Amino acid sequence: MTMVLFFWFLSLEAASTTEYSQVMERALHQKPPHTQKSMAPSFEDGNSLFNFVVRDGNGVKGMVDLGLSKVPEQYIQPPHERIVKLNAISADELSPIDLSKLDGPDHDQVADAIVNAAEVLGFFQVVNHSMPVELLESLKNAAHDFFGQAPEKKAAYRKGVSPSPYVKYGTSFVPEKEKALEWKDYVSMVYSSDVDALTYWPNECKEVSLEYLKFSMDMVKKILKVLIAKLGVTLEDSKIDALIGLRMVNMNFYPTCPDPELTVGVGRHSDMGTLTVLLQDGIGGLYVKVEEDMDAGRKGEWIEISPVPGALVINIGDTLQILSNGRYKSAEHRVRTTSTKSRVSVPIFTIPKQTERIGPLPEVVKNDGVARYREVVFEDYMTNFFGNAHAGKKSLEYAQIIISSTST
């Protein structure tokens, strides 16, 4: 997710139909600033390179297309942030969950598998999710089509120029605040309605992205209801809808890198929302940190979530960790770059409405005996989340209550 999204979300829910129309009218008739093709930057000049990649909207791909023999200094990560390629976790240890069995006699067994994955890792893969494989392949192709365009075509959606406040193209996470940039370009599409999506999302990917989103939402609700039920809590459908009230489709593009050992595609972070759905291609590179638990024999190591054909990755966000009082894990994760082939991924972020108050569910606190997080307005949590560069799970500290050993 990117810094600019925060400013969209602040107005999405509160805006009335009239206000939204006024916003769109201004955006559509705003005269864009004069742009011209960027001059090739000096890879040795940090300001020149930053302007070319970030401000002019050429992205990492535009830089790579110029020809690179080494990683520019601005992208070299400190040693402790670099990703050492590890052996992927075996399929036996992380078998995909068959979602179709939730509707049959094996419901309880499948629900237990979902809950166990949410408690231990915060990530799991699902198959038989009802989404056509052809749709997933079309989605990956659409991502390549969008990022394969000329730089000026993509740059037309960058901050301050995009014809819609619901579509933004950019690079890295918060470039202005990062000591080392991330090796990634993205386009983010916030959902407000089918009509708006088909009108304002990029032509190269709007129809397939909308179909992907609509297919995913039934699955998200089904998984969320399982997780909430296993907490011993019953929530009204209106509350479930509020927890996933804001929805966004991202297309991420990770160009080839001359030295993956020095860079990251995405730095260590957790997602701020409720649940994330992720389609990854067959290249791999998604790494998740197993939370340290010496009693259970877990040492906090990083594992790779290897791609499974036709599967979708589901991960827990900060919101669900807070609601569950820490029972479900919002896993820290990151992405490694590759030197052989560009990688794409397409996440859907489901996020609470900005006015929602997020805190541990009372029934869970009663059972646990202590609240580990304070209640926060989600808009405030978002402000904190987008105000910093990626730094693991530091965002959760905003809501965390420090519990001394003498108080438990």
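Letter by letter, the sequence shown follows residues -17 to -1, 1 to 391 in mature numbering (1 follows the signal peptide of the UniProt record, and there is no 0).
Glycine included, every Cβ here is placed at the ideal spot set by N, Cα and C.
Every value quoted in this text rests on a predicted model; they were computed, and no experiment measured them.
At the C-beta level, residue 326 and residue 237 come within 8 Å of one another. Counting other Cβ atoms within 10 Å of its Cβ, residue 352 stays below 16 and is therefore classed as exposed. As the crow flies, the alpha-carbon of residue 114 is around 37 Å from that of residue 39.
DSSP assignment within the stretch 30 to 82 yields the following whole alpha helix (DSSP H) runs of 4 residues or more, N-terminal first: 42 to 48.
The beta-carbon distance between residue 261 and residue 328, rounded to whole angstroms, is 6 Å. This is short enough to meet the 8 Å contact definition. Counting C-beta pairs closer than 8 Å gives three or more between the stretch 222 to 237 and the stretch 164 to 173, which meets the contact rule.
Less than 8 Å divides the Cβ of residue 57 from the Cβ of residue 32. Secondary structure of residue 164 (DSSP, three-state): coil. The stretch 293 to 352 contains, as complete alpha helix (DSSP H) runs of 4+ residues, the segments 301 to 306 and 345 to 351 (chain order). Burial of residue 300 is indicated by the presence of at least 16 other C-beta atoms within 10 angstroms of its C-beta. When secondary structure is reduced to three states using DSSP, residue 223 falls in the helix class. Taken through DSSP and simplified to helix, strand or coil, residue 366 comes out as helix. Check the Cα spacing between residue 286 and each of 35, 42, 105 and 89: the tightest is with 105. Classified as buried, residue 41 has 16 or more neighbouring CB atoms from the shown chains inside 10 Å of its CB. Residue 198 has no beta-bridge partner at all, per DSSP. Beta-bridge partners assigned by DSSP to residue 258: 299 and 333. Residue 187 is classed as buried because its beta carbon has at least 16 other beta carbons within 10 Å across all chains shown. Partner residues in a beta bridge of residue 112, as assigned by DSSP, do not exist. Residue environment for residue 313: buried (at least 16 other C-beta atoms within 10 angstroms of its C-beta). Partner residues in the beta bridge of residue 270, as assigned by DSSP, are 287 and 317. Under DSSP, residue 154 shares a beta bridge with 168. Following the DSSP letters along the chain, one finds residue 233 inside the beta strand (DSSP E) bounded by residues 229 to 237.
By the Cβ criterion, the stretch 134 to 141 is not in contact with the stretch 237 to 257, since fewer than three pairs of Cβ atoms, one from each stretch, lie closer than 8 Å.
About 52 Å separates the Cβ atoms of residue 216 and residue 51, ruling out a contact at the 8 Å cut-off. By the neighbour-count criterion, in which a residue is buried when 16 or more other Cβ atoms sit within 10 angstroms of its Cβ, residue 131 is exposed. In this structure, residue 251 sits away from residue 333, with a CB-CB distance that is not shorter than 8 Å.
Taking each of 368, 316, 324 and 303 in turn and checking the Cα distance to residue 342, the smallest one comes out for 303. In the DSSP assignment, residue 383 falls outside any alpha helix (DSSP H), carrying neither H nor E. The Cβ neighbour count for residue 254, taken over all protein chains shown within 10 Å, is at least 16; the residue is labelled buried. Rounded to whole angstroms, the Cβ separation of residue 210 and residue 311 is 6 Å, and the two are in contact under 8 Å. Straight through space, the alpha carbons of residue 385 and residue 121 are spaced by roughly 47 Å. CA-CA distance, residue 111 to residue 199, rounds to 12 Å. Taken through DSSP and simplified to helix, strand or coil, residue 216 comes out as coil.
Taking the Cα positions, residue 288 is about 10 Å away from residue 263.
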